[in-house]
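With UniProt numbering, the residue at position 18 of the sequence shown is 18, and numbering never jumps.
This report concerns only the one structure given below.
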Amino acid sequence: MSQTVNSRNTYGTGPETPLWFSLYNSRMATGRNGRAFLFSHTMNIVMGPKEDRHLLTGLHTVADIYCGDCREVLGWKYERAYEASQKYKEGKFILEKSKIVKDNW
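What follows is the structure in structure tokens.
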């Protein structure tokens, strides 16, 4: 884990609120463990090293992203998409629903 990423928050900054995302791109995606969301910005995360991965949509260069507080893997950042149809993902973040949705909010 090497880089801390911060962004403008649009949801509040109370200490009880874990802030990992700020702008939702309204695209459903698939993560390692099921449903996920594609975001254009995140905050309070730490990024791991870049690596090439073969995902459902082809080859991508990605970096895992971790909670800045507990260091749990939340998803990944798309650094590069090799398929022309997937270029819109570059620079965006996948956050897995099971990692960011809190029961009884």
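Built from N, CA and C at the ideal position, the CB exists for glycine as well.
Whole-Å CB distance - residue i paired with residue j, under 8 Å assumed
i   : j   : result
V62 : E79 : 6 Å
K92 : S40 : 6 Å
Cross-strand partners of residue i (DSSP beta bridge)
i   : result
V96 : Inspection of the sequence shows that residue 96 is occupied by Glu rather than by Val. Beta-bridge pairing links E96 to A36.
M43 : In the DSSP output, where bridge partners are listed per residue, M43 has none listed.
Classification of residue i by the beta-carbon crowding that lies within 10 angstroms, buried from 16 upward
i           : result
T42         : buried
L56         : exposed
E96         : buried
H60         : buried
residue 108 : Nothing about residue 108 can be read from this structure; the chain reaches only from 1 to 105.
Cutoff 8 Å: residue i Cβ touching any chain B Cβ
i   : result
T61 : No chain B is present in this structure, which holds just one protein chain.
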